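As structure tokens, the structure follows; a few thoughts come after it.
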Amino acid sequence: MRKYLIPNGGRFYKVALHTHTTVSDGRLTPEELKDEYKKRGFSVVAYTDHELIVPHNDLRDADFLPITAYEIAVADGKWGPFTKCYHLNIYFKDKDTALSRTFCARHVSSKEHMQALITDEMRAYGTESREYTKEFIQWLVDTAREEGAIVSYNHPVWSLQDKDDYSGLRGFFGVEWHNSSSSGIGMIDAIQPIQDLLLEGERKCYPLATDDCHSLKDVGRGFVMVKAERLEYDDIFDALDRGDLYSSTGPEIKELYVEDGMLVIKTSPVKKIIGFTDHRHTLRKMAGEGEYITEASLSLETFIRNVGLAPEGRMPFVRMDVIDEYGRHAYSRAYFADEFLNVDGIRKNANN
Ligand SMILES: [Zn+2]
Ligand SMILES: [Zn+2]
Numbered sequence: 007m008r009k010y011l012i013p014n015g016g017r018f019y020k021v022a023l024h025t026h027t028t029v030s031d032g033r034l035t036p037e038e039l040k041d042e043y044k045k046r047g048f049s050v051v052a053y054t055d056h057e058l059i060v061p062h063n064d065l066r067d068a069d070f071l072p073i074t075a076y077e078i079a080v081a082d083g084k085w086g087p088f089t090k091c092y093h094l095n096i097y098f099k100d101k102d103t104a105l106s107r108t109f110c111a112r113h114v115s116s117k118e119h120m121q122a123l124i125t126d127e128m129r130a131y132g133t134e135s136r137e138y139t140k141e142f143i144q145w146l147v148d149t150a151r152e153e154g155a156i157v158s159y160n161h162p163v164w165s166l167q168d169k170d171d172y173s174g175l176r177g178f179f180g181v182e183w184h185n186s187s188s189s190g191i192g193m194i195d196a197i198q199p200i201q202d203l204l205l206e207g208e209r210k211c212y213p214l215a216t217d218d219c220h221s222l223k224d225v226g227r228g229f230v231m232v233k234a235e236r237l238e239y240d241d242i243f244d245a246l247d248r249g250d251l252y253s254s255t256g257p258e259i260k261e262l263y264v265e266d267g268m269l270v271i272k273t274s275p276v277k278k279i280i281g282f283t284d285h286r287h288t289l290r291k292m293a294g295e296g297e298y299i300t301e302a303s304l305s306l307e308t309f310i311r312n313v314g315l316a317p318e319g320r321m322p323f324v325r326m327d328v329i330d331e332y333g334r335h336a337y338s339r340a341y342f343a344d345e346f347l348n349v350d351g352i353r354k355n356a357n358n
């Protein structure tokens, strides 16, 4: 029986999850941003201006969906070249959201055009101040989730963060492994923070490639492909939340399923297809010199045996890494063994 890891139904929509406009410090207006992304095949743009929730539902058309969101920052003291910070994007389930308890008027830039957007209601509803502590960051994530939002953890490298800063935090739906704005200045993120959080037992923590677009040069270099039934706010939001997605800086993943003990993946022409796990085992297919591959059928035999050997409380996972000739990646999310295998049966066999 075939078990689809990325759903077979619906269609892929190209999503920009991290953008800034003239509402905060971006160069493009919300309309210009929409036009530039549409030109590059995007159907969805999350507007994540700094510290201000400004819905752009007026930009909705038959082929374009704006997502209501914002980016919040918590810095460790006075800003300078050595200051560590957390940047989180909060994506709201309700497209008309204007108020959030995570809002903090004191964190809005002193720029006149931004101050002008703060209302008394926003001030009263939001929080008085923010603290650079993990407890406070966890409070922000939990509060956003109570408000029906999903939260991403952005550009750890630019934020000068390491494992001590994110280990133990719970409830991110995604973490950026690519941020075009950061990588544009040579601060290149990695997949490791996602692997680390998965190893701590977080099941979501989807891999996100975003532009953090501040100007035209950032547009369309990192993207998320979401599989959804329709281009409707709820459909797209729920597909993101469920993890019906992959992210990429170039290559495409067209299909991903498990059938008869094989993991099958179909892609655009690439050089390497790797199934990376939580343990010392990979599933892989590599193209020869001058060749390209567009699919792989990878035996799950060893993976299944390892599931039977896994320590108590450990649920092995596999996540796909697809690499093209330019070294660009597409990452799937992690699929835990109990999503596509009869884990109880495997363990019972292993013990007999
Ligand atoms: Zn940021
Ligand atoms: Zn940003």
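Each number in the working numbering corresponds to the 1-based position in the sequence shown with 6 added.
Glycine residues also receive a C-beta, built at the ideal position from the N, C-alpha and C atoms.
Computed from a predicted structure; not experimentally measured.
Quick one: give me the first and last residue of the beta strand (DSSP E) that residue i is part of.
i      : result
Arg151 : That residue, Arg151, is in no beta strand (DSSP E); its alpha helix (DSSP H) goes 140 to 152.
Pro275 : 268 to 276
Glu261 : 259 to 265
Arg17  : 17 to 25
Lys169 : It is not in any beta strand (DSSP E) - Lys169 instead sits in the alpha helix (DSSP H) that spans 169 to 172.
Glu77  : 71 to 81
Ile310 : Here Ile310 belongs to no beta strand (DSSP E); instead the alpha helix (DSSP H) covers 307 to 315.
Return the CA-CA distance between residue i and residue j, expressed in angstroms with no decimal places.
i      : j      : result
Ala234 : Asn185 : 24 Å
Pro317 : Asp327 : 25 Å
Ala122 : Met128 : 12 Å
Asp244 : Val147 : 18 Å
Cys91  : Thr27  : 21 Å
His62  : Arg311 : 50 Å
Leu34  : Leu315 : 54 Å
His54  : Arg176 : Checking the displayed sequence, the identity of residue 54 turns out to be Thr instead of His. Roughly 21 Å between the two C-alpha positions.
Asp195 : His24  : 15 Å
Ser158 : Pro199 : 12 Å
Glu297 : Glu345 : 33 Å
Ser115 : Thr103 : 21 Å
Asp171 : Asn160 : 12 Å
Phe98  : Ala356 : 45 Å
His56  : Val225 : 18 Å
Ile73  : Ile242 : 9 Å
Leu71  : Gly351 : 44 Å
Ala22  : Lys354 : 44 Å
Arg136 : Asp41  : 35 Å
Ser30  : Thr139 : 25 Å
Tell me the residue span of the alpha helix (DSSP H) that contains residue i.
i      : result
Ser338 : From DSSP, Ser338 is part of no alpha helix (DSSP H) but of the beta strand (DSSP E) over 335 to 342.
Asn160 : Per DSSP, Asn160 belongs to no alpha helix (DSSP H) and is neither H nor E.
Met326 : Careful: Met326 lies outside any alpha helix (DSSP H), inside the beta strand (DSSP E) at 323 to 329.
Ser6   : Any question about residue 6 goes unanswered here, given that the chain covers just 7 to 358.
His119 : 118 to 121
Leu214 : Run containing Leu214: none in the alpha helix (DSSP H); it sits in the beta strand (DSSP E), 212 to 216.
Lys44  : 36 to 45
Tyr131 : 126 to 131
Give the secondary structure of residue i by DSSP, where H, G and I count as helix, E and B as strand, and everything else as coil.
i      : result
His113 : helix
Asn14  : coil
Arg290 : strand
Ile352 : helix
Asp67  : strand
Ile197 : coil
Asn95  : strand
Leu175 : coil
Lys90  : coil
Glu295 : coil
Glu137 : coil
Lys101 : coil
Lys84  : coil
Ile242 : helix
Is the shortest distance between the beta-carbon of residue i and the beta-carbons of chain B less than 9 Å?
i      : result
Gly180 : Among the protein chains of the structure shown there is no chain B, as only one such chain exists.
Open item on the list: Does the structure place the region 75 to 90 close enough to the region 132 to 152 that three or more beta carbon pairs sit under 8 Å?
Closed with: The region 132 to 152 is in contact with the region 75 to 90.
Open item on the list: Is it the case that the region 41 to 51 contacts the region 293 to 308, given that we only count it when at least three CB pairs across the two stretches are under 8 Å?
Closed with: Counting Cβ pairs under 8 Å, fewer than three are found: no touch.
Open item on the list: Under 8 Å, with one C-beta from each stretch per pair, do the region 207 to 219 and the region 275 to 284 reach the 3-pair mark?
Closed with: Of all C-beta pairs linking the region 207 to 219 to the region 275 to 284, fewer than three are shorter than 8 Å, placing the two stretches out of contact.
- [ ] Report yes or no: do the region 260 to 274 and the region 221 to 239 share at least 3 C-beta pairs separated by less than 8 Å?
- [x] Touching, no.
TODO: Taking 5 Å as the limit, tell me which residues put their C-beta closer than that to any heavy atom of ligand 2, in chain order.
DONE: That query returns the following residues: Glu77, Asp218.
Open item on the list: Under 8 Å: do the region 157 to 166 and the region 93 to 101 share three or more Cβ pairs, one atom per stretch?
Closed with: Contact annotation: the region 157 to 166 touches the region 93 to 101, with at least three C-beta pairs closer than 8 Å.
Task: Meets three-Cβ-pair contact criterion under 8 Å: the region 329 to 336 and the region 242 to 257 - done: By the Cβ test, the region 329 to 336 is in contact with the region 242 to 257, since at least three Cβ pairs between them sit closer than 8 Å.
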